[in-house]
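Asker:
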Amino acid sequence: MKSYDVAVIGSGPGGYVAAIRCAQLGMSTAIIEKYSTLGGTCLNVGCIPSKALLDSSHHYEDAVKHFEEHGIDIPGDIKVNLKQMIARKQAVVDQTTAGIDFLMKKNKIDVYQGLGSFKDATHISISGEDKTEIEAKHTIIATGSKPSNLPFIKLDKERVITSTEALKLKEVPKHLIVIGGGVIGLELGQVYKRLGAEVTVVEYMDRLIPTMDSGLSREMNKVLKKQKFKINVSHQVKSVERKGDEVVIMAENKKGETVEFNGDYCLVSVGRRPFTDGLNAEAAGVKIDDHGRIEVNDHLQTSSSNIYAIGDVVKGAMLAHKAEEEGVLVAEILAGQKPHIDYNLIPGVVYTWPEVAAVGKTEEELKEAGIEYKSGQFPMRALGRSRASMDLDGFVKILADAHTDEILGVHMIGARAADMIAEAVVAMEYRASAEDVARMSHAHPTFTEAIKEAALAATDNRALHT
Ligand code: FAD
Ligand code: NAD
């Protein structure tokens with residue numbers, strides 16, 4: 057039986073990054089993946105394919121709606137070739153997952169294809185393609201998550217679908233009903249809206265992207281309405297029924313009235329649940345909490361001291377970069393180092409257009425914690441760069457401590473916010489004040505000038521261009 061310093065179960069961004077870092081630190085490492093491709097949810101059916109479709113659909117929308125104004129005439133009709141769009145997406149996925157195969161080889165990590173199940177705390181049986189058993193001094197569980205569902209919904213995966221099916225539809229829906237106005241609902245809703253579908257969002261809470269700062273929700277609502285989304289917040293879905301090619305959704309609004317929605321496809325995007333099926337965690341003494349997550353301490357160590365868990369299968373934000381940080385952290389702990397993650401500084405991004413991005417505390421969180429803060433906000437439309445590209449929606453908001461001026465949260469919606477949020481993360485990592493950022497030169501014309509202006513606004517309301 058082969059024996060390793062570390063076995064990693066699951067090859068998503070948490071697992072494969074943990075394996076690379078363990079190998080870099082000189083540990084003999086194995087990774088076990090039940091699917092035939094590496095990369096987990098993120099690379100196969102998550103981050104990468106969704107961004108590929110967001111990009112393709114964005115190009116299409118630009119061609120249809122904006123080229124003429126830019127002075128670009130295209131003779132004849134501009135048409136969507138969905139088959140090609142999905143094929144390109146798949147090519148991007150295939151290239152990316154093949155890149156992980158290369159990284160495993162380069163780092164001399166043994167890859168086992170099959171379901172990993174604990175026999176005990178140091179032995180894992182692998183069923184499937186590479187049926188065998190291995191021994192590991194330490195194991196890192198990185199088994200990720202699967203889409204959640206509501207108990208009364210039957211996902212037929214044809215018309216009542218999750219994100220996985222929405223990434224490979226064979227036709228553009230005529231009317232897509234999206235249950236859940238969170239990240240997946242808005243990103244994939246926008247893909248099909250751009251391609252010509254009518255899109256109705258049914259959200260249980262009283263605002264879209266409800267875990268983000270409410271200012272972002274309000275602006276998102278405004279922008280999506282302009283894009284002709286139909287948005288229904290404070291609606292509790294009661295039933296979803298397929299009738300031939302139609303899907304009928306019944307929901308209750310906040311007045312207690314029943315509202316009916318009819319579409320030809322229904323995307324259920326109400327969150328994801330941790331995945332531990334088949335892992336046989338009990339055999340290794342690994343406890344699972346009431347939410348189905350693997351219980352871990354601050355060092356991501358499970359109730360079995362030589363076993364750690366990371367990523368979507370443990371508490372915290374279900375984000376690829378959070379999983380990666382945790383993978384590195386555990387590898388370095390195993391190597392005797394003392395790493396640290398500041399969870400407050402894990403940014404959150406929604407890749408709609410305009411993009412939404414945030415880091416640190418929301419206004420709601422600061423109010424609840426009783427922290428006195430000041431706020432500076434700057435509209436994207438006041439930037440020359442925004443006018444040049446006609447990306448006028450959105451703003452940057454900086455929240456800073458009322459007494460010390462330290463930046464406590466940055467919330468932005470606008471063109472390229474996903475990339476711009478990195479500046480806020482760096483500033484907050486170094487505990488910058490709003491004044492620090494306000495005094496740094498930002499290249500002109502760039503969208504990042506909105507960050508400088510918001511910082512100026514937060515410090516004595518001295519934004520220059522409003
Ligand atoms: P996963 O990526 O879920 O990987 C777990 C792996 O473990 C899987 O490959 C699974 O097959 C394998 N596995 C499970 N059990 C076993 C077992 N017993 N034996 C062997 N293998 C096993 N996050 C972002 O940060 N940015 C984004 O833009 C983004 N977009 C997303 C879009 C969509 C549509 C979805 C669904 C998710 C998106 N996410 C995004 C979330 C992101 O995909 C997850 O947070 C991330 O993949 C979590 O990584 P992980 O390593 O914990 O688990
Ligand atoms: P989410 O938590 O972002 O959104 C789910 C939404 O569904 C919430 O707004 C919630 O209030 C709503 N909801 C819950 N129950 C409902 C009900 N009964 N009726 C109507 N609405 C209901 O989850 P998601 O969009 O499914 O995404 C899952 C995970 O994947 C998230 O944790 C997210 O972090 C991750 N993800 C991240 C990205 C990104 O980083 N860009 C993209 C996609 C997914």
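Numbered according to my numbering, the sequence shown spans residues 57 to 522. All C-beta atoms in this analysis are idealised placements derived from N, C-alpha and C, irrespective of residue type, glycine included.
State buried or exposed for Y486, treating a residue as buried only when at least 16 other CB atoms are found within 10 Å of its CB.
Answerer: Translated into positions along the sequence shown, residue 486 becomes position 430. The residue is exposed, with fewer than 16 neighbouring Cβ atoms inside 10 Å.
Asker: State buried or exposed for F317, treating a residue as buried only when at least 16 other CB atoms are found within 10 Å of its CB.
Answerer: If you number the sequence shown from 1, residue 317 lands on position 261. Buried.
Asker: Look at the Cβ atom of M484, then the Cβ atom of I463, and state whether they are nearer than 8 Å.
Answerer: Counting from 1 along the sequence shown, the entry for residue 484 is found at position 428. Counting from 1 along the sequence shown, the entry for residue 463 is found at position 407. For M484 and I463, yes; Cβs fall inside 8 Å.
Asker: Name the one or two DSSP bridge partners that Y168 has.
Answerer: Against the sequence shown, residue 168 aligns to sequence position 112. In the DSSP output, where bridge partners are listed per residue, Y168 has I88.
Asker: Of the choices D61, M57, K175 and Y72, whose alpha-carbon is the least far from that of V342?
Answerer: Here residue 342 refers to the residue found at position 286 of the sequence shown. Nearest of D61, M57, K175 and Y72 to V342, Cα basis: K175.
Asker: Any idea what DSSP makes of F524, helix, strand or coil?
Answerer: What the structure shows of the chain is the stretch from 57 to 522, and residue 524 is not part of that stretch, so it cannot be assessed.
Asker: Can you list, in chain order, the residues of its chain whose CB lies under 6 Å from that of I142, leaving out five sequence neighbours each side?
Answerer: Working through the sequence shown from its first residue, we reach residue 142 at position 86. So the list reads K224, once near-sequence residues are dropped.
Asker: May I ask you to report which of helix, strand or coil DSSP gives P69?
Answerer: Numbered from 1 along the sequence shown, position 13 holds the residue referred to as residue 69. If DSSP states are grouped into helix, strand and coil, P69 belongs with the helices.
Asker: Do you know how far the Cα of M57 is from the Cα of G404?
Answerer: Residue mapping note: residue 404 aligns to position 348 of the sequence shown, counting from 1. Residue mapping note: residue 57 aligns to position 1 of the sequence shown, counting from 1. Going from the Cα of G404 to the Cα of M57 covers about 43 Å.
Asker: What span of residues does the alpha helix (DSSP H) with K281 cover, start to end?
Answerer: Numbered from 1 along the sequence shown, position 225 holds the residue referred to as residue 281. Taken as a continuous stretch (DSSP letters only), the alpha helix (DSSP H) holding K281 covers S270 to K282.
Asker: Round the Cβ separation of A177 and V64 to the nearest angstrom and send it over; I've been treating them as touching at under 8 Å.
Answerer: Sequence index remark: in the sequence shown, residue 177 carries index 121 (1-based). Sequence index remark: in the sequence shown, residue 64 carries index 8 (1-based). Not really, about 15 Å apart at Cβ, beyond 8 Å.
Asker: Below 7 Å, is the gap between the Cβ of Q292 and the nearest heavy atom of the ligand NAD?
Answerer: Here residue 292 refers to the residue found at position 236 when the sequence shown is read from its first residue. Within the cutoff, so yes.
Asker: Which first and last residues belong to the beta strand (DSSP E) in which D457 is found?
Answerer: What you label residue 457 is simply residue 401 of the sequence shown in a count that begins at 1. It spans F451 to D457 - the beta strand (DSSP E) in which D457 sits, taken as one unbroken run.
Asker: Cβ-heavy atom distance between P266 and the ligand NAD below 7 Å?
Answerer: To locate residue 266, count along the sequence shown from 1; it is residue 210. P266 Cβ: within cutoff of the ligand NAD.
Asker: Anyone know if the C-beta pair for I156 and G170 falls short of 8 Å?
Answerer: To locate residue 156, count along the sequence shown from 1; it is residue 100. To locate residue 170, count along the sequence shown from 1; it is residue 114. No, they are not a contact pair.
Asker: Quick check: the Cα distance between D133 and L109, rounded to an integer number of angstroms?
Answerer: Stepping through the sequence shown from its first residue, residue 133 is reached at position 77. Stepping through the sequence shown from its first residue, residue 109 is reached at position 53. Going from the Cα of D133 to the Cα of L109 covers about 21 Å.
Asker: For V279, collect the residues of the same chain with a Cβ closer than 7 Å to its Cβ; drop the 5 residues on either side in sequence, then sort them by chain order.
Answerer: Stepping through the sequence shown from its first residue, residue 279 is reached at position 223. Cβ within range, chain order: P410 and D449.
Asker: Since A192 contacts I209 with CB under 8 Å, what's their CB separation in whole angstroms?
Answerer: As a first step, residue 192 is located in the sequence shown; it is residue number 136 there, counting from the start. As a first step, residue 209 is located in the sequence shown; it is residue number 153 there, counting from the start. Not confirmed; about 39 Å, so no contact.
Asker: Using alpha carbons as the reference points, say which of G184, A513, R472 and V369 lies closest to D492.
Answerer: What you label residue 492 is simply residue 436 of the sequence shown in a count that begins at 1. D492 has its Cα closest to that of A513, out of G184, A513, R472 and V369.
Asker: Going by the DSSP bridge assignment, what does R329 pair with across the sheet?
Answerer: On the sequence shown, position 273 is the one that residue 329 refers to. DSSP, once it has assigned bridges, lists K202 as partnering R329.
Asker: Thinking L232 and G245 are a contact (beta carbons under 8 Å), I'd like their distance in whole angstroms, please.
Answerer: In the sequence shown, residue 232 corresponds to position 176, counting from 1. In the sequence shown, residue 245 corresponds to position 189, counting from 1. Confirmed, about 7 Å.
Asker: May I ask you to check if the CB of P69 is nearer than 7 Å to at least one heavy atom of the ligand FAD?
Answerer: As a first step, residue 69 must be located in the sequence shown, where it is residue number 13. Yes - the ligand FAD has a heavy atom lying nearer than 7 Å to the Cβ of P69.
Asker: What residues are listed by DSSP as bridge partners for N318?
Answerer: As a first step, residue 318 must be located in the sequence shown, where it is residue number 262. DSSP output for N318 lists V304 as bridge partner(s).
Asker: Can you tell me where the beta strand (DSSP E) with Y248 in it begins and where it stops?
Answerer: Reading the sequence shown from its first residue, position 192 is the one you call residue 248. Unbroken run through Y248 is the alpha helix (DSSP H), V239 to R250; no beta strand (DSSP E).
Asker: So what's I114 in DSSP terms, helix, strand or just coil?
Answerer: Within the sequence shown, the letter at position 58 stands for residue 114. Before going on, a small fix: residue 114 reads as His here, not Ile. Looking at H114 - three-state DSSP - the assignment turns out to be helix.
Asker: Less than 8 Å separating the beta-carbons of P229 and D346?
Answerer: In the sequence shown, residue 229 corresponds to position 173, counting from 1. In the sequence shown, residue 346 corresponds to position 290, counting from 1. It is not a contact, given that the beta carbons lie outside the stated cut-off.
Asker: Can you tell me whether Y399 is buried or exposed, with buried defined as 16 or more other CB within 10 angstroms of its CB?
Answerer: Position 343 of the sequence shown, counted from the first residue, corresponds to residue 399. When all chains shown are included, Y399 counts as exposed.
Asker: Hey, I363 and A340 are a contact pair by Cβ (cut 8 Å); roughly how many whole angstroms apart?
Answerer: The sequence position of residue 363 within the sequence shown is 307, counting from 1. The sequence position of residue 340 within the sequence shown is 284, counting from 1. That pair is a contact at about 6 Å.
Asker: Is D118 near the ligand FMN, with its Cβ less than 7 Å from a heavy atom?
Answerer: The ligand FMN is not among the ligands present in this structure, which contains only the ligand FAD and the ligand NAD.
Asker: With a threshold of 7 Å, establish whether the CB of D368 neighbours any heavy atom of the ligand FAD.
Answerer: Against the sequence shown, residue 368 aligns to sequence position 312. Yes, the ligand FAD has a heavy atom inside 7 Å of this Cβ.
Asker: In terms of DSSP beta bridges, what is Y60 paired with?
Answerer: On the sequence shown, position 4 is the one that residue 60 refers to. Looking at the DSSP assignment, Y60 forms a beta bridge with A192.
Asker: Does DSSP put K226 in a helix, a strand or coil?
Answerer: Locating residue 226 in the sequence shown gives position 170, where the first residue counts as 1. It is coil, neither helix nor strand.
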